[in-house]
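K.L.:
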Amino acid sequence: MNDLAPGVLERLKHVVGLKGFIDRPDDMLPFTVEHRDKWQGVSPLVVRPGTVAEVQQVLAICNETRTPVVPQGGNTGLVGGSIPFGNGDEVILSLGRLKAVRAVDALNDTITVEAGCVLQDVQAAADDADRLFPMRIASEGTCQIGGNLSTNAGGTAVLRYGNMRDLVLGLEVVLPDGTLWEGLRGLRKDNTGYDLKHLFIGAEGTLGVITAAVLKLFPKPADRQVAFAALPDPRAAVELLGLAKAVSGGQVTGFEIMPRLGLDLSLQLLPDARDPMEGTHPWYVLMEFSSGEGDGALRAALERTLELGFGKELVLDAVVAESEAQTAALWALRESLSEAQKLGGGSIKHDVSVPVPLMPDFIAAADAALQDVVPGFRSVAFGHIGDGNVHYNPLQPEGGDKQAFLDRWEDVAHVVHDIVHSMGGSISAEHGLGRLKRDEIERYKSPVELQMMHRIKHTFDPNGIMNPGKLLNF
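Using numbering that gives the first Met the number 0, read the sequence shown as starting at 0 and increasing by one per residue.
#1: Is K436 close to the ligand MG? I mean its beta-carbon at under 8 Å from any heavy atom of the ligand.
#2: Report the rounded CA-to-CA distance for A211 versus F199, giving the unit in angstroms.
#3: Can you name the residues that DSSP bridges to R223?
#4: For A226, is the classification buried or exposed, using 16 other Cβ atoms within 10 angstroms of its Cβ as the cut-off for buried?
#5: Using DSSP bridges, identify the partner residues of D104.
#6: Which first and last residues belong to the alpha helix (DSSP H) in which I209 is found?
#7: With a 10 Å radius around its C-beta and 16 neighbouring C-beta atoms as the bar for buried, classify M0 as buried or exposed.
#8: Just the C-alpha distance for D127 and G192, rounded to the nearest angstrom, thanks.
#9: Using a C-beta cutoff of 9 Å, does A235 count as contacting chain D?
#10: Given that a residue counts as buried once 16 or more other Cβ atoms are within 10 Å of its Cβ, and exposed if not, what is N472?
#11: When the Cα atoms are used, what is the spatial distance from G308 to S335?
#12: Taking the straight line between their C-alpha atoms, what separation do you get for G49 and F376?
#13: Less than 9 Å between the beta carbons of G72 and L94, yes or no?
#14: Cβ of V373 within 9 Å of Cβ of Q395?
#15: Quick check: what's the CA-CA separation for T141 versus A123?
#16: Could you compute how far the alpha carbon of A380 sits from the alpha carbon of F361?
#17: Compute the distance between the beta-carbons of R259 and P281, then report whether it is under 9 Å.
#18: What number of angstroms, rounded off, separates the C-alpha of I418 from the C-alpha of N392?
#19: At what residues does the alpha helix (DSSP H) containing M452 begin and finish?
#20: Between the stretch 444-454 and the stretch 417-434, are three or more C-beta pairs nearer than 8 Å?
#21: What did DSSP end up calling M0 once you bin it into helix, strand or coil?
#22: Per DSSP, which one or two residues make a beta bridge with F404?
#23: Does the stretch 172-184 come close enough to the stretch 20-34 to have 3 or more Cβ pairs within less than 8 Å?
#24: Counting along the chain, where does the beta strand (DSSP E) carrying I91 start and finish?
#25: Kindly identify the DSSP beta-bridge partner or partners of L166.
#26: Using a 10 Å radius around the Cβ and a threshold of 16 neighbouring Cβ atoms, would you call R130 buried or exposed?
#27: Among the residues of its own chain, which have a CB less than 7 Å from the CB of M27, if the five just before and after it don't count?
#28: Which term fits H390, buried or exposed, when burial requires 16 or more other beta carbons within 10 angstroms of its beta carbon?
#29: Ends of the beta strand (DSSP E) at D350?
#30: Going by the beta-carbon positions, is the gap between V172 and I209 smaller than 9 Å?
#31: Compare the beta carbon distance of L478 and L269 with 9 Å and say whether it is the shorter of the two.
#32: Look at the Cβ atom of G283, then the Cβ atom of L230, and state whether they are nearer than 9 Å.
#33: What are the start and end residues of the alpha helix (DSSP H) that includes Y160?
#34: Per DSSP, G253 is paired with what?
#35: Considering only the beta carbon of each residue, do S346 and G424 sit closer than 9 Å?
Spelled out as structure tokens, the structure:
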């Protein structure tokens, strides 16, 4: 363990009281181990403040004593951004006790929540007000709003509503020295200088600690129509997306792609799941339309989209959900795929984006290039093709050695990321950089862009206490 300033842990414990800290190593495991067991860190203390004032005092003490701080929400991230390193000198700042819904303004279509609110609880609070908070991700039962904001989370409804950055109007943030920025504004127009909230969204806790947010709400859809369609290839998916947008007038809420292998894995994972179709096909898309009208027009738009798709030989077969239960069953096939990949052995994860029209070219190029690196690997490319984001996760060869495959992670990632970069894409579409891609990003961002990021970091956090070694090598 590196040296900590004398008495700093006792000072922090005094601020938060007996209910506000954890210092037994075994009890800290939910905070020091990443949920996929890829990273395990060491910390002398988990601090769990119960008020914003306590967050201020904790950061002020840590800044004064140069004590590194790792902010943490629900610890559901996938790039190691909320896990401490093994030095043993980083205090974990857990926001889980700050979980109040401070206000719901149905007329202004806003909800003000604290950072520790679980996403599912925010969705429920919006629903109680006859409104919709549209963020939908697999971890919504455990992830927290502060973490969603700090990673600029995406999800399955980005196509219609945008990612987390698009769903925020105002923030409350504690800066590294303990100063509180009270930016909880519910305004949709505020042209008075730099839009400071965007510095903290996607910053992965490296510039300050988000303690509350004003989020946008939307009218609840009165109608929701879902179809599962079989396709010959990803190019057909892109063309079908264009038809869906045109026919529906922009009412496409979700458009998710998966290969046959992905569907097979989901069917294995879910004991009561059934293949939606009798025959097997190379690719599938799950598409959802939603609107505020329940007059049958949306169903007609969905059926017209499929009709045109059949006519253009984009769609090979299709199933339209006839009930809420069928809708849930179709979505379960998509949402379980992240977990289902474990059934296939070792999986090397890539969360990438390219312009939507180039997605078929990317998948084809990556598949071809990786056969030279790992012969016999199995391609699983799935996810939000509607907004240009695919989770490209090569699986180990059938019967291969899992660890030997995972040992090629860096080699495989370089190949995939080089192709993404050549197409003007991003090596992190929605998961962030964290520890996983911190050094990798330096291969792709320009020196000017990296320099600007370092300058921002130094301006807000000159002592380098905020989540050091994450996002930036700082």
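The beta carbon of each residue, even a glycine, is placed where N, CA and C say it ideally should be.
P.N.:
Concretely, from the data shown:
#1: Ligands in the displayed structure: none, and consequently the ligand MG is not present.
#2: 12 Å
#3: S289
#4: buried
#5: T109
#6: That residue, I209, is in no alpha helix (DSSP H); its beta strand (DSSP E) goes V208 to K215.
#7: Here M0 scores only 45 on pLDDT, less than 50, and its place in the model should not be relied on; the value that follows carries that caveat. Exposed.
#8: 35 Å
#9: Protein chains in the displayed structure number just one, and chain D is not present.
#10: exposed
#11: 27 Å
#12: 48 Å
#13: yes
#14: yes
#15: 14 Å
#16: 10 Å
#17: yes
#18: 15 Å
#19: P446 to F459
#20: no
#21: Low confidence applies to M0: its pLDDT is 45, below 50, so where it sits in the model is not reliable enough to give any reading.
#22: DSSP lists no partner for F404.
#23: no
#24: V90 to S93
#25: DSSP lists no partner for L166.
#26: buried
#27: I21, S42 and V45
#28: buried
#29: D350 to S352
#30: yes
#31: What the structure shows of the chain is the stretch from 0 to 473, and residue 478 is not part of that stretch, so it cannot be assessed.
#32: Residue identity differs from the one stated: residue 283 is Tyr in this sequence, not Gly. Contact: yes.
#33: V157 to Y160
#34: E287
#35: no
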